[in-house]
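What follows is a single structure, written as structure tokens, with notes after it.
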Amino acid sequence: MALRRKLKAQVLCAFLNFALSPGSEPHNRLAAHLPKEDEHEMEFDTATSVSQSPVKHPLPELEIYCYLLVLIYLIDQKKYSEAKACSSASVARLKNLNRRTVDVLASRLYFYYSLSYELTGDLAEIRGNLLALHRIATLRHDELGQETLLNLLLRNYLHYNLYDQAEKLRSKAPRFEAHSNQQFCRYLFYLGKIRTIQLEYTDAKESLLQAARKAPVAALGFRVQCNKWAIIVRLLLGEIPERTVFMQKGMENALRPYFELTNAVRIGDLELFKSVAEKFSTTFSSDRTHNLIVRLRHNVIRTGLRNISISYSRISLADVAKKLRLDTANPVADAESIVAKAIRDGAIDATIDHANGWMVSKETGDIYSTNEPQIAFNSRIAFCLNMHNDAVRALRFPPNSHKEKESAEKRRERQQQEQELAKHIAEEDDDEF
Amino acid sequence: MDPKLAEVSQLFERFKAACAREDVDTCCNVLSKLKVLLTGFSSLPPLFEDTPNAIHELTLARDIYEHAVLLSVKIGDQDAFERDFFQLKPYYTDASSSRLPPSSQEYMILGLNLLRLLVQNRIAEFHTELELLSSTALENPCIKHAVELEQSFMEGAYNRVLSAKQTVPCKTYDYFMDLLAKTVRDEIAGCSEKAYGYLSVSDARQMLLFSSDNELLQYIKELLLPVLYESL
Chain D
1 MALRRKLKAQ
11 VLCAFLNFAL
21 SPGSEPHNRL
31 AAHLPKEDEH
41 EMEFDTATSV
51 SQSPVKHPLP
61 ELEIYCYLLV
71 LIYLIDQKKY
81 SEAKACSSAS
91 VARLKNLNRR
101 TVDVLASRLY
111 FYYSLSYELT
121 GDLAEIRGNL
131 LALHRIATLR
141 HDELGQETLL
151 NLLLRNYLHY
161 NLYDQAEKLR
171 SKAPRFEAHS
181 NQQFCRYLFY
191 LGKIRTIQLE
201 YTDAKESLLQ
211 AARKAPVAAL
221 GFRVQCNKWA
231 IIVRLLLGEI
241 PERTVFMQKG
251 MENALRPYFE
261 LTNAVRIGDL
271 ELFKSVAEKF
281 STTFSSDRTH
291 NLIVRLRHNV
301 IRTGLRNISI
311 SYSRISLADV
321 AKKLRLDTAN
331 PVADAESIVA
341 KAIRDGAIDA
351 TIDHANGWMV
361 SKETGDIYST
371 NEPQIAFNSR
381 IAFCLNMHND
391 AVRALRFPPN
401 SHKEKESAEK
411 RRERQQQEQE
421 LAKHIAEEDD
431 DEF
Chain A
1 MDPKLAEVSQ
11 LFERFKAACA
21 REDVDTCCNV
31 LSKLKVLLTG
41 FSSLPPLFED
51 TPNAIHELTL
61 ARDIYEHAVL
71 LSVKIGDQDA
81 FERDFFQLKP
91 YYTDASSSRL
101 PPSSQEYMIL
111 GLNLLRLLVQ
121 NRIAEFHTEL
131 ELLSSTALEN
141 PCIKHAVELE
151 QSFMEGAYNR
161 VLSAKQTVPC
171 KTYDYFMDLL
181 AKTVRDEIAG
191 CSEKAYGYLS
201 VSDARQMLLF
211 SSDNELLQYI
221 KELLLPVLYE
231 SL
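Same order as they appear, the protein sequences are chains D and A.
Every letter in the first sequence is one number past the one before it in UniProt numbering, and letter 283, counting from 1, is 283.
Every letter in the second sequence is one number past the one before it in UniProt numbering, and letter 84, counting from 1, is 84.
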């Protein structure tokens, strides 16, 4: 990274002249992308070097490395359209090379290729190319390339909200042990996003939390995004994330809207929820979490209902509607249906008296007189015992295949010692008695 | 004009006339013939070639598929709906961004599809489709209707679902709304079983939106039948 800051046009030119023989085709192609102010310098360089060195045969790796440097330089200088052209040229060059040693550099190049197109908003154009490259990488058993390209493809689909196609690709693509931690984190994040949209919140939570944990500390933006989605998934599952999640270093400002949202869900106040959703609607739209927040409405109502059911032994449905702040045409009937569904789902413990129009909460009773504690203890004990068994099975004993057989002499000696010991103990016993 | 194009247009006019007459059999026959003829054009998906008549052909093909979708709703064939809708989708997403003017029935058909997914209880696909819609699409009444319906269904405000039957944006929605009403009734019955200790017949009739006591008793008999068989 320190090198990246030092990249300037002159430095690059000098390096290109050193690495690739000037006047050769790769050199011309690359130099064309660099700014023209340095032309007089380049001419001077060509004059000297032609007299000095014979024609060099550059390694393909060196050429690809030069491509990479030029590309990074162009992106840092924000010359995105030139970066696009340069990266397309490099990808075309890569298709012809089939050397495993180029793989690592190639995967970096693919990443910047996708990035340059994304920054100019033309991601859809390269989808076909990325798919072809993925095919080639699979044929050549280029695992790092496969991983990188799969992630880039998923990113491409998710950029356009094509969750269906992303899932189809992900489920069919061959999976293997991750080679690169960063790629694995990205894969987990995309997987978590897809699962969230498909309403599989438990899987999504696992993936997103794992991605947030495995990510390197320097990747702050990535971790913020992971955490945002993880918070929403936890809210959708019905659990409230702890306060410490929002107070992580560097993320406080970014997570502020989500903190207020969690507050509204925790209290169960529909009005507050609506106002928070409106206040931060731009943030939520830019994070593409807007649709998920709309789904949270259901959770807010459930929490509010649960609070009411615990606090009141009997409450009229009209009051329930007022407390939940249901702002619909027929709040009482709505409240009745919602309460009925909540009772069926097991969220609250109550009955409805339709004739009088009120909700009667059941008595919680004495839990210890039921079998509940026994069942809870049983499951915990079973879990601990399983863990103990697994640990014992995993114990390894030192290999004792080198133990010598005792020779007859040693055995006699040992037996003599044992007899003396036994006599000694017997004498002691006699003494005591 | 291109002879192939002329032939397809003529056949399409006959198809529209048959639809207006509610002549389902002729419609189906003509539709199959139309689909075979459409394979002759190379400007359609998945090739998307740039022929001189491309825009005309694309618009015509899109109209044909839209009518096919509406026909499948009329017959009540959900599989045909799904097939025709999948063929129609590329016209909305890929072709529209480049060349075609937007269709007037686009939002209605998108709303119909969302409703169908809701009725078939494919909520995951419902949400995936929802993600693909832009914010302007979400403002459209047809789509808003489907979205609000899903929300009420998830929250459990089933009475809102049943009353939404009166406020459909267009008549074609009626078929799916009837199916939805059936599902909702089963849900309400299930919830009421757990929630109410005691419910009078007239109240039950009102909640389940039956028009007479006889219907209610019939419905109860159908519900209890499996329970009776189990106890035997």
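Here a beta-carbon is modelled for each residue, glycine too, at the ideal position from N, C-alpha and C.
- Closer than 9 Å to the CB of Ser337 (chain D) there is at least one CB belonging to chain A.
- Where Val360 (chain D) is concerned, the enclosing beta strand (DSSP E) starts and stops at Trp358 to Ser361.
- Cβ neighbours of Gln210 (chain D) within its own chain (closer than 6 Å, five residues either side excluded): Leu188.
- The criterion of a C-beta distance shorter than 9 Å is satisfied by Val339 (chain D) and Leu305 (chain D).
- The region 65 to 76 of chain A and the region 165 to 181 of chain A touch, with no fewer than 3 CB-CB distances between them shorter than 8 Å.
- Membership of Ala350 (chain D) in the beta strand (DSSP E) is indicated by the continuous run Ala350 to Asp353.
- Nearest to Pro331 (chain D) by alpha-carbon distance, out of A:Phe12, A:Leu217, A:Ser152 and A:Val36, is A:Ser152.
- Look at Asp203 (chain A): its C-beta is under 9 Å from a C-beta on chain D.
- At least one CB of chain A lies nearer than 9 Å to the CB of Leu162 (chain D).
- Collapsing the DSSP output to three states places Ser104 (chain A) in coil.
- Here the region 184 to 196 of chain A makes no contact with the region 367 to 379 of chain D; the two share fewer than three CB pairs at distances below 8 Å.
- In the three-state reduction of the DSSP assignment, Arg4 (chain D) falls in the helix class.
- Contact of Arg14 (chain A) with chain D is not assigned, every C-beta pair being separated by 9 Å or more.
- With fewer than 16 other CB atoms across the displayed protein chains lying within 10 angstroms of its CB, Thr93 (chain A) is exposed.
- Within the DSSP bridge table, the entry for Ser114 (chain D) names no partner.
- Using beta-carbon distances, Ser88 (chain D) does not count as an interface residue toward chain A, since no partner is under 9 Å.
- Relative to the Cα of Gln225 (chain D), the nearest Cα in the group D:Gln165, D:Glu125, D:Leu169 and D:Ser286 belongs to D:Ser286.
- When DSSP assignments are scanned along the region 145 to 190 of chain D, the uninterrupted stretches of alpha helix (DSSP H) that are 4 or more residues long and fall wholly within it turn out to be 163 to 172.
- Between Leu138 (chain A) and Phe126 (chain A), the gap from beta carbon to beta carbon reaches 9 Å or more.
- Nearest neighbour of Arg314 (chain D) by Cα position, chosen from D:Ser361, D:Ala19 and D:Asp429, turns out to be D:Ser361.
- Comparing C-alpha distances from Asp269 (chain D) to each of D:Asp76, D:Val91 and D:Arg297 shows the shortest one belongs to D:Arg297.
- Put simply, the CB of Glu125 (chain A) is near chain D, with a gap under 9 Å to one of its CB atoms.
- Pro257 (chain D) counts as buried, since at least 16 other C-beta atoms from the protein chains shown sit within 10 angstroms of its C-beta.
- The three-state secondary structure of Ser32 (chain A), taken from DSSP, is helix.
- Taking 9 Å as the threshold, the shortest C-beta distance from Gln87 (chain A) to chain D does not fall below it.
- With respect to chain D, the C-beta atom of Leu5 (chain A) has no partner C-beta closer than 9 Å.
- Proximity of Ile188 (chain A) to chain D, defined by a Cβ-Cβ separation below 9 Å, is satisfied.
- Listed in chain order, the non-local C-beta contacts of Ala347 (chain D) below 8 Å within the same chain comprise Arg302, Leu305 and Arg306, local neighbours out to five positions each way being set aside.
- Using a Cβ distance threshold of 9 Å, Tyr91 (chain A) and Ser103 (chain A) count as a contacting pair.
- The secondary-structure analysis by DSSP pairs Arg314 (chain D) across a beta bridge with D:Val360.
- With a cut-off of 8 Å on Cβ pairs, the region 98 to 117 of chain D is in contact with the region 64 to 81 of chain D, counting three or more such pairs.
- Residue state for Tyr198 (chain A) is assigned as coil, using DSSP reduced to three classes.
- Between Leu149 (chain D) and His134 (chain D), the beta carbon gap of about 4 Å places them in contact (Cβ cut-off 8 Å).
- A direct Cα-to-Cα measurement between Leu158 (chain D) and Thr262 (chain D) gives close to 26 Å.
- In the DSSP assignment, Pro169 (chain A) falls outside any alpha helix (DSSP H) and carries neither an H nor an E.
- Distance between Leu326 (chain D) and Glu167 (chain D), taken at the CA atoms: about 37 Å.
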